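Numbering (UniProt numbering), first residue to last: 1 to 699.
Built from N, CA and C at the ideal position, the CB exists for glycine as well.
What you are looking at is a predicted structure, and each value in this text was computed from that prediction instead of being measured.
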Amino acid sequence: MVEGRACLPKEVRNGLELLKRKRLQRIKSETLSGTSGVTNMMARSGGDALRVSASCGMRLQGNAESFSRSNVASSEKTIFSKRKVDKFDTSDLEWTDKIPECPVYCPTKEEFEDPLVYLQKIAPEASRYGICKIISPLSATVPAGVVLMKEKVGFKFTTRIQPLRLAEWDTDDRVTFFMSGRNYTFRDFEKMANKVFAQRYFSAGCLPATYMEKEFWHEIACGKTESVEYACDVEGSAFSSSPSDPLGTSKWNLKKLSRLPMSILHLLETAIPGVTDPMLYIGMLFSMFAWHVEDHYLYSINYHHCGASKTWYGIPGHAALKFEKVVKEHVYTKDILSADGEDGAFDVLLGKTTLFPPNILLEHDVPVYKAVQKPGEFVITFPRAYHAGFSHGFNCGEAVNFAIGDWFPLGAVASLQYAHLNRVPLLPHEELLCKEAMHLNTSLELEDLDFSPADLASHYCIKVSFVKLIRFLHRARWSVMKSRACTSVSPNYYRTIICTLCKRDCYVAFVNCSCYSHPICLRHDIKSLDFPCGSHHVLFLRDDVGEMEAAAEKFEHDDAISKEVERQAENVYDLYSYPMSSKSQTDVEDGYFPYCDINVVLNPEIAAITTNMGQPVEDRHPPMRHNTGNFRPELTDAFSSFATSTLCSFVEQVGSSPKNQVQGLANLGNTNGKRFSEEVSENTYESSVSCLSHANCPG
Numbered sequence: 001m002v003e004g005r006a007c008l009p010k011e012v013r014n015g016l017e018l019l020k021r022k023r024l025q026r027i028k029s030e031t032l033s034g035t036s037g038v039t040n041m042m043a044r045s046g047g048d049a050l051r052v053s054a055s056c057g058m059r060l061q062g063n064a065e066s067f068s069r070s071n072v073a074s075s076e077k078t079i080f081s082k083r084k085v086d087k088f089d090t091s092d093l094e095w096t097d098k099i100p101e102c103p104v105y106c107p108t109k110e111e112f113e114d115p116l117v118y119l120q121k122i123a124p125e126a127s128r129y130g131i132c133k134i135i136s137p138l139s140a141t142v143p144a145g146v147v148l149m150k151e152k153v154g155f156k157f158t159t160r161i162q163p164l165r166l167a168e169w170d171t172d173d174r175v176t177f178f179m180s181g182r183n184y185t186f187r188d189f190e191k192m193a194n195k196v197f198a199q200r201y202f203s204a205g206c207l208p209a210t211y212m213e214k215e216f217w218h219e220i221a222c223g224k225t226e227s228v229e230y231a232c233d234v235e236g237s238a239f240s241s242s243p244s245d246p247l248g249t250s251k252w253n254l255k256k257l258s259r260l261p262m263s264i265l266h267l268l269e270t271a272i273p274g275v276t277d278p279m280l281y282i283g284m285l286f287s288m289f290a291w292h293v294e295d296h297y298l299y300s301i302n303y304h305h306c307g308a309s310k311t312w313y314g315i316p317g318h319a320a321l322k323f324e325k326v327v328k329e330h331v332y333t334k335d336i337l338s339a340d341g342e343d344g345a346f347d348v349l350l351g352k353t354t355l356f357p358p359n360i361l362l363e364h365d366v367p368v369y370k371a372v373q374k375p376g377e378f379v380i381t382f383p384r385a386y387h388a389g390f391s392h393g394f395n396c397g398e399a400v401n402f403a404i405g406d407w408f409p410l411g412a413v414a415s416l417q418y419a420h421l422n423r424v425p426l427l428p429h430e431e432l433l434c435k436e437a438m439h440l441n442t443s444l445e446l447e448d449l450d451f452s453p454a455d456l457a458s459h460y461c462i463k464v465s466f467v468k469l470i471r472f473l474h475r476a477r478w479s480v481m482k483s484r485a486c487t488s489v490s491p492n493y494y495r496t497i498i499c500t501l502c503k504r505d506c507y508v509a510f511v512n513c514s515c516y517s518h519p520i521c522l523r524h525d526i527k528s529l530d531f532p533c534g535s536h537h538v539l540f541l542r543d544d545v546g547e548m549e550a551a552a553e554k555f556e557h558d559d560a561i562s563k564e565v566e567r568q569a570e571n572v573y574d575l576y577s578y579p580m581s582s583k584s585q586t587d588v589e590d591g592y593f594p595y596c597d598i599n600v601v602l603n604p605e606i607a608a609i610t611t612n613m614g615q616p617v618e619d620r621h622p623p624m625r626h627n628t629g630n631f632r633p634e635l636t637d638a639f640s641s642f643a644t645s646t647l648c649s650f651v652e653q654v655g656s657s658p659k660n661q662v663q664g665l666a667n668l669g670n671t672n673g674k675r676f677s678e679e680v681s682e683n684t685y686e687s688s689v690s691c692l693s694h695a696n697c698p699g
């Protein structure tokens, strides 16, 4: 997901709707005129509650078609009106000149041949800045406008209305970008956007980027423009399908990139719009994308097809925790944070509506870099790099996510944070890691393979992450069988399922109850759980787990891998074992050691459970559906395989379920959020640096 997706978790959508209703009620009580207009707005649902009726989406000084022409527009004017926000000092904009530029790369046509090879090569340097710019040596011979108007006949899109103001970020004053605008063709939107620009600047030409940057922050703080329109997350691509277009036929065509062999996401069997398939972003003067980080801390690649420039701000991934701390302490008020520590800020930032000037980051020593992106240029955002930005005028961009091997450590952090916040993940991290590691294990058995330093760095990240996962699952399985918490072992014919308690994705193993309605990952104390159907638990285990353990043990023959795994195991909070400790003090005394044989003892009392193992998987368990109302999440194909997930696949938090059905959530909810974030973030950043440093080691 790139720039700012218009999909929100249900609890956030409900919260935004409540805030809009509160504000509208306050307007109604304060203003006697315009009552009918307010009532009509309140009767609308969702993002349409604040629909703007202005033809151009902006209110300009002296414009005869201003919002104040109607009672509805008068109420909306109050909603969009600006006021001084003391925490954001925009009186002096000289700080805009103090933000350094991110790295800019100009590859040759030969270097440009394979995008993921090139990105892997520059990652050790460029990732330290969070973002970088790449100037393409190839040009599109078919313009984006021609593609969208002629190759895609009937192409239209709906814009979003963005209030152009700063917010206090308390429960009464939050900004939402998810109000529905008008339906446009590409050409109609371009005409509208260019008209707005010309009315303001009396010119159709481009203006200096430094001037436009100051203009934007002045306008958002105290200017007369109340809102803008932005077409974000428009499914489709503006890369031409013409065989004569050099950029369209290259691997840098974003329709192809995420499915390249080196991309981890090619392992997904189902497309995810905006993640595996690109989306378009069509903007106008001061259209913006708020501070956000990509789903699962993925990479993103953004191509500027045509139009005015964009200004980007980026925060390096190693400073993400510091960024979240500043946002928590100096941007948000405590009453809107849903969790303690920096995870509370992370939770609200997931809404992708938080915009504030980067000078507050500079004041608190958070590194910030910027890029001015022009047509024909790519901007790359690296894993866990927060970014935001705005448009200088009409433009059209396109973006998609991707991942390479060095993403796995930070992808594990994202999965862990989702679990800490009880959010359903978008990607099956465990499944992707296992499949990629087993593919790597097979390829390493071939002779005469010549790996580049960048390849070796990627392999290092995959191996370390995989060994940590398999080590944890092996010890957890040993503990489960030793304690006799499970009375049976069954083959796991599923791909990925969701843990009922923490929403972690489970691919290798999970535990289920007698009625198969409460799948639990191995990170919980199974014996302490009180299932409503009784105490019989079945361990579901992939039949190729032995091959995975053999591959992990083989990877550990490399001293660098084993030492790094042991070093990371010293941390209290491990990426793969949380909320369990990464080590058990009684392991040695109890006779456990990594990769030891685990005896499986079947209990004859539950033999009936295993008698149907020969049946097709769809017959073996009853049809299952996800139902958070009575806390019985069930396993359908769409739910058991995250490959079919979408960006809106968040579910209600487990806390809304009856507490007497399954006990055992306490160990997840009582964690010190601040300590958790700091331990995990520091551990993972060190791991990521270690991975990238291997790119500079001799092969």
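Rounded straight-line distance, which links the Cα of residue j to that of residue i
i    : j    : result
F531 : R423 : 22 angstroms
T381 : P316 : 9 angstroms
L444 : L207 : 54 angstroms
I122 : D450 : 19 angstroms
V234 : L427 : 21 angstroms
A271 : A290 : 25 angstroms
H387 : W312 : 7 angstroms
E229 : D277 : 24 angstroms
C502 : L522 : 11 angstroms
D525 : P519 : 13 angstroms
V480 : S488 : 11 angstroms
S244 : F112 : 18 angstroms
T546 : K554 : Residue identity check: residue 546 is Gly in the sequence provided, not Thr. Going from the Cα of G546 to the Cα of K554 covers about 12 angstroms.
H429 : D92  : 45 angstroms
E556 : P273 : 37 angstroms
Simplified DSSP state of residue i, which is helix, strand or coil
i    : result
G614 : Low per-residue confidence applies at G614: pLDDT is 32, beneath 50, and the placement is therefore not dependable, though the value from the model is reported in the following sentence. Coil, per DSSP.
D406 : helix
D277 : strand
G389 : strand
N183 : strand
F239 : coil
F378 : strand
L541 : strand
W478 : helix
R384 : coil
K563 : helix
N395 : strand
W291 : strand
E101 : strand
N302 : strand
P658 : At P658, the pLDDT of 31 sits below 50, so the modelled position is not reliable; the number obtained from the coordinates is stated separately. Note: P658 maps to coil in three-state DSSP.
T500 : coil
E110 : coil
K214 : helix
E269 : coil
Y494 : coil
Same chain, Cβ closer than 7 angstroms to residue i, neighbours up to 5 away in sequence not counted
i    : result
A198 : A204
S250 : L138
R128 : P316
C102 : Y129, I131, C132, K133, G314, Y369, K370 and A371
H474 : E549, P594 and Y595
L164 : E219, I220, T225, E226, S227, V228 and F286
Pick from the options that is closest to residue i, judged by C-alpha positions
i           : options                   : result
V565        : L116, M288 and F472       : F472
D295        : V400, N253 and F323       : V400
S391        : A414, K310, G411 and G181 : K310
H304        : L355, T159 and V379       : V379
S515        : S535, C499 and Y299       : Before going further, note that residue 515 is Cys rather than Ser in the sequence given. Looking at the Cα atoms, S535 is the closest of the given residues.
residue 701 : C106, P100, D97 and K98   : Absent from the model: residue 701. The displayed extent of the chain is 1 to 699, so no value can be given.
V327        : L362, I498 and C306       : L362
Cβ neighbours of residue i in the same chain (closer than 6 angstroms, five flanking residues each side left out)
i    : result
N359 : W95
K322 : V366
C596 : none
Rounded distance between the beta-carbons of residue j and residue i, thought under 8 angstroms
i    : j    : result
L280 : C396 : 7 angstroms
L247 : S136 : 7 angstroms
Residues near residue i by beta carbon distance below 8 angstroms, same chain, minus five either side
i    : result
R542 : P491, N492, Y507, V508, A509 and M548
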